[in-house]
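Okay, so the sequence shown: first residue is 469 according to our numbering, each after it adds one. Positions of the beta carbon are idealized from the N, C-alpha and C atoms, including for glycine. No experiment lies behind these values; they were computed from the predicted model shown. The structure appears below as structure tokens.
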Amino acid sequence: MAIYIDTPYVFTPDPNEDNGPRIQALMKAGYRWLQINGTECPIGTTVLLNRDDNWPYSGQIIEPAPGIDKVTIDCSGVGRNPDVPTDPSYAAIDYEGDVRPGSYLTSLAAVNTTQIFVADTTPYTNGSWIVISDASTDFDTYPMPLDGPMEVRQVIYVLADSLIVNRVIKREHQAGAIVALCTPIKNVYIRNLEFTGNCAVGLHMHYAQHCVIENITSVDWTGRCMLLLDNGGEYNTIINSYCTGTEAGTGPEQNVWGVVVEGQDSTRIINSGGENCGAGQAMNYSIDTVSVGAMARLNTVNVGVYTASIRSGFLHPQTADPLILDTVITDDCEDCYMVEPIPFV
469 MAIYIDTPYV
479 FTPDPNEDNG
489 PRIQALMKAG
499 YRWLQINGTE
509 CPIGTTVLLN
519 RDDNWPYSGQ
529 IIEPAPGIDK
539 VTIDCSGVGR
549 NPDVPTDPSY
559 AAIDYEGDVR
569 PGSYLTSLAA
579 VNTTQIFVAD
589 TTPYTNGSWI
599 VISDASTDFD
609 TYPMPLDGPM
619 EVRQVIYVLA
629 DSLIVNRVIK
639 REHQAGAIVA
649 LCTPIKNVYI
659 RNLEFTGNCA
669 VGLHMHYAQH
679 CVIENITSVD
689 WTGRCMLLLD
699 NGGEYNTIIN
709 SYCTGTEAGT
719 GPEQNVWGVV
729 VEGQDSTRII
739 NSGGENCGAG
749 QAMNYSIDTV
759 SVGAMARLNT
769 VNVGVYTASI
779 RSGFLHPQTA
789 DPLILDTVIT
799 DDCEDCYMVE
809 PIPFV
């Protein structure tokens, strides 16, 4: 017997109402394959890809029903945080990662090692997922990760003063870096959605693993970022996704990012990008992440690799008419690349 219902639930949205609570209820009821049977599906309440206890809806599929090419999601009802308009949790679809305090490194975690030493091993068990955050180094003040260089690993064995993790460390982490607990979301497939209106992010996922995001676009979009695979993801794929903004720039109310990944490891972005944004496509503090055939024009910066990324970059990006810079790799990146940009067609 299947754990979840293995046929799609065909959901007919109300084009004039907030469909967020209904979608949330269907996922809570166990429907892991949702097909939206309508071209208009406003979302005014953030759809969280997790249960009430924060456990993720791994394996979730969200797509149009047969015969519908694309579903337009007006997320103006979600809007922006009135105090912090850049707050990415104000998203149409969101997963935050169930992050909890753990401990912190007592010594340097070196590249190519699988053992890390922590002040207290009691928060962890065999199988725990952890995030090592270089930007957060004062456990007593704030024991949670911050935006910046990080890595996610699974604990496979707990020792008296150290943890053995499932894969070698790729980035050096200094003593004091916090080692928080998290819960990745896996094998999500979301495709053929078009965002319109204004919220901080259209589709926003932390700690995503082996997820596929395909054919996400925008129209009359005034949000901050259309598509953001945020901190702690690995082995994800973004395909054929393109943001059309309305006001390029870096201000809190402008279209800052089109398609962006942060804190990723071995993620791929294929034939994706944006226009009229602060950055059409960008990657921040990512490792072994590659973009192939990016498309970007009329952006403040068309495509860029930023913030201590390692071995990451762009192959054959298609770019044109930057407002300030066409391509950029910041100086703090290591072995990153921008290979043979070609004209936007």
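By how many angstroms is the C-alpha of residue j removed from the C-alpha of residue i?
| i | j | result |
| --- | --- | --- |
| Gln677 | Leu697 | 10 Å |
| Trp597 | Phe663 | 32 Å |
| Ala716 | Ala645 | 35 Å |
| Asp482 | Val724 | 30 Å |
| Val623 | Asn704 | 21 Å |
| Met469 | Asp520 | Confidence at Met469 is low in this model, with a pLDDT of 48, below 50, so the placement of that residue is unreliable and no value is reported for it. |
| Ala577 | Gly719 | 37 Å |
| Thr775 | Ser709 | 23 Å |
| Ala764 | Trp689 | 16 Å |
| Met751 | Ser777 | 8 Å |
| Gln749 | Ala497 | 36 Å |
| Asn666 | Thr475 | 33 Å |
| Val515 | Ile473 | 20 Å |
Measure the beta-carbon distance from residue i to residue j and round it to whole angstroms, keeping in mind my assumption that it falls under 8 Å.
| i | j | result |
| --- | --- | --- |
| Gly761 | Gln732 | Actually they do not touch by this definition, with Cβ atoms about 18 Å apart. |
| Lys654 | Ser526 | 4 Å |
| Arg548 | Tyr558 | 5 Å |
| Cys650 | Gly565 | 5 Å |
| Thr735 | Glu702 | 7 Å |
| Ala643 | Ser571 | The pair is not a contact, with the Cβ atoms about 12 Å apart (cut-off 8 Å). |
With DSSP as the reference, label residue i as helix, strand or coil.
| i | result |
| --- | --- |
| Leu695 | strand |
| Gly713 | strand |
| Thr480 | coil |
| Met469 | Its pLDDT being 48, under 50, Met469 is placed unreliably by the model, and the measurement read from it follows with that caveat. Coil. |
| Ile637 | coil |
| Leu627 | coil |
| Gln583 | strand |
| Leu494 | helix |
| Gly488 | helix |
Could you check which residue in the options has the C-alpha nearest to that of residue i?
| i | options | result |
| --- | --- | --- |
| Arg659 | Glu564, Ala560, Val680, Cys667 | Val680 |
| Trp523 | Pro652, Asp588, Asp803, His784 | Pro652 |
| Ser630 | Gly713, Thr593, Pro483 | Thr593 |
| Arg635 | Val620, Met495, Glu721 | Val620 |
| Ile536 | Arg568, Gln503, Thr554, Gln492 | Gln503 |
| Asp800 | Met763, His672, Thr768, Ser780 | Ser780 |
| Gly700 | Asn770, Gly595, Val769, Pro613 | Pro613 |
| Arg490 | Ile511, Gly741, Phe782, Pro553 | Ile511 |
| Glu485 | Ile707, Leu517, Thr798, Gly545 | Gly545 |
| Tyr675 | Ser686, Asp615, Thr540 | Asp615 |
| Asp542 | Gln583, Ala668, Asp588, Leu783 | Ala668 |
| Leu766 | Ile792, His784, Thr554, Leu783 | Ile792 |
| Ile600 | Gly742, Tyr753, Met806 | Tyr753 |
| Glu730 | His672, Ser686, Ala560, Glu808 | His672 |
| Ser759 | Asp789, Thr795, Val586 | Thr795 |
Is residue i near the ligand ATP - that is, is its Cβ less than 7 Å away from at least one heavy atom of it?
| i | result |
| --- | --- |
| Gly742 | What this structure holds is no ligand at all, so the ligand ATP is not there to describe. |
Problem - Those runs of the alpha helix (DSSP H) which lie wholly inside the region 716-802 and span at least 4 residues - result: List check, alpha helix (DSSP H) in window: nothing returned.
Handout entry: Ordered list of beta strand (DSSP E) runs contained in the region 497-538, each at least 3 residues
Key = Counting only runs of 3 or more, we get 501-504, 529-532.
Practice task
Taking only runs that begin and end inside the region 593-622, name each unbroken beta strand (DSSP E) of 3 or more residues, in chain order.
Solution key: If we require 3 residues or more, the beta strand (DSSP E) runs fully inside the region 593-622 come out as 597-601.
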